[in-house]
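>
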Amino acid sequence: MPPSRSPGLLALYPHITDRDRLLLQLLDDHQVLTTDQIHRMLFQARRTCQIRLGELAGLGLLDRFRFARAGGGSHPWHWTLGHHGHRFQAAAHQRPEPTLRATRQRVHRLSANPHLPHLLTANEFFVRLTAHTRRHPEARLRRWWSETLTTRQFRTITADGHGLWSVAGTTVGFFLEADTGTEPLGRVVAKLDRYAQLTRRGGPRYPVLFWLGSEHREEHLHRLLTGDVPCATATHTADPAEAVWLPAGATGRVSLAELPSDHGQPVADNPNFDDDGDLAF
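Here is the structure:
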């Protein structure tokens, strides 16, 4: 007989709800989310969210960390998969089961990663779109791909994420460049060369969305955009689903669903998504 799994995981199954499964999948795909982000996507009441996250941590399905805030207090909890969460996801997707040591190392590396703020910023973009769909039933976030999956599927580019956004029958694809102000704008614009290469080899001509930390930085970036690659800008203060996007060379802002989008040749989908591109279990 094959060796059995380490004890404990099957006993957790009666405690895992459909919402828990969705949260485990989101953390498997996107590594880390804050309490507030999880609340806006999956819960009505913040207190209910906090209680449930604590229960999932007690079951070993989630782990968490947070940092001290300058001047006193702490930043919000950052949630990631715990050891049993990694085991559950490995079983669900037929991956090798991780060891406890490997799980701990993954959490330590994630918490100490200097690029963690950038990852949270990129995730926040998609969290806001997801939260928007809860208030607007006609809208759907049909695809949310991480930087890793986007790079694997499209190869040429290294976007911070890729999505498909649908409103009332119109579907727009996009690539996200989540800007935290740490790179010179010349280097930011230089990334567009890779998107042009993708289009030349038959890939989709999706708008590149530059999500920026300030209006000042947005204004300066527009002076550098040539329009060779479709792109648009907005700031972190805006709801990315609304009419906040300023296309290169334009004077008026449009909504995400109004941006031009050419899907080009199809790419192989992630097995975690169904035929419609929606998150599947």
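Going by full-length UniProt numbering, the first residue of the sequence shown is number 1, and it counts up by one from there. For every residue, glycine included, the Cβ atom is placed at its ideal position computed from N, Cα and C. Model, not experiment: these values are computed from the prediction.
At the level of alpha carbons, what is the spacing between Asp193 and Leu176?
15 Å
> Would you give the residue range spanned by the beta strand (DSSP E) that His162 belongs to?
161-167
> Can you tell me which of the three DSSP states His75 falls into?
coil
> Between Ala248 and the rest of its own chain, which residues show a CB-CB distance below 6 Å, the 5 nearest in sequence each way excluded?
Leu225, Gly227, Cys231
> Taking the C-alpha atoms as reference points, what is the distance between Pro98 and His216?
46 Å
> For Arg64 and Leu33, what's the separation of their Cα atoms in angstroms?
So the alpha carbons of these two residues sit roughly 10 Å apart.
> List the endpoints of the continuous beta strand (DSSP E) containing Ala139.
139-145
> Once the 5 residues before and after Tyr13 are set aside, which same chain residues still bring their CB inside 6 Å of it?
none
> With a floor of 3 residues, list each beta strand (DSSP E) that falls wholly inside the region 32-69, ordered by position along the chain.
62-65
> With DSSP as the reference, label Ala234 as helix, strand or coil.
strand
> At a Cβ threshold of 9 Å, is Thr180 touching chain C?
Annotation note: the requested chain C is absent from the structure, which comprises a single protein chain.
> Rounded to the nearest angstrom, what separates His162 and Ala70 at their Cα positions?
Per the coordinates, the alpha-carbon of His162 lies some 34 Å from the alpha-carbon of Ala70.
> If Ser214 and Thr235 are in contact, beta carbons under 8 Å, what's the gap, nearest whole angstrom?
6 Å
> With a CB to CB cut of under 7 Å and the five nearest residues on each side skipped, what residues in its chain are close to Pro76?
Thr34, Thr35, Asp36, Arg66
> Could you check if Asp18 is buried or exposed, using at least 16 other CB atoms within 10 Å of its CB as the buried criterion?
exposed
> Going by DSSP in three states, Arg155 sits in which element: helix, strand or coil?
coil
> For the alpha helix (DSSP H) that Val107 lies in, which residues bound it at each end?
100-112
> Does the distance from the CB of Trp145 to the CB of Gln153 come in under 9 Å?
yes
> My assumption, with CB atoms under 8 Å, is that Leu212 sits in contact with Phe174. Please give the rounded CB distance.
In fact, because the Cβ distance is near 15 Å, the residues do not count as touching under 8 Å.
> Return helix, strand or coil for Pro247, following the three-state DSSP convention.
strand
> Using 8 Å for Cβ pairs, my map puts Leu22 next to Phe88. What's the rounded Cβ distance?
The pair is not a contact, with the Cβ atoms about 13 Å apart (cut-off 8 Å).
> Using the rule of at least 16 other Cβ atoms within 10 Å of the residue's Cβ for burial, across every protein chain shown, is Gln31 buried or exposed?
buried
> Is Thr171 helix, strand or coil when you go by DSSP?
strand
> With a cut-off of 8 Å on the beta carbons, I'd call Ala241 and Leu110 a contact; round off their distance for me.
28 Å between Cβ atoms; not a contact.
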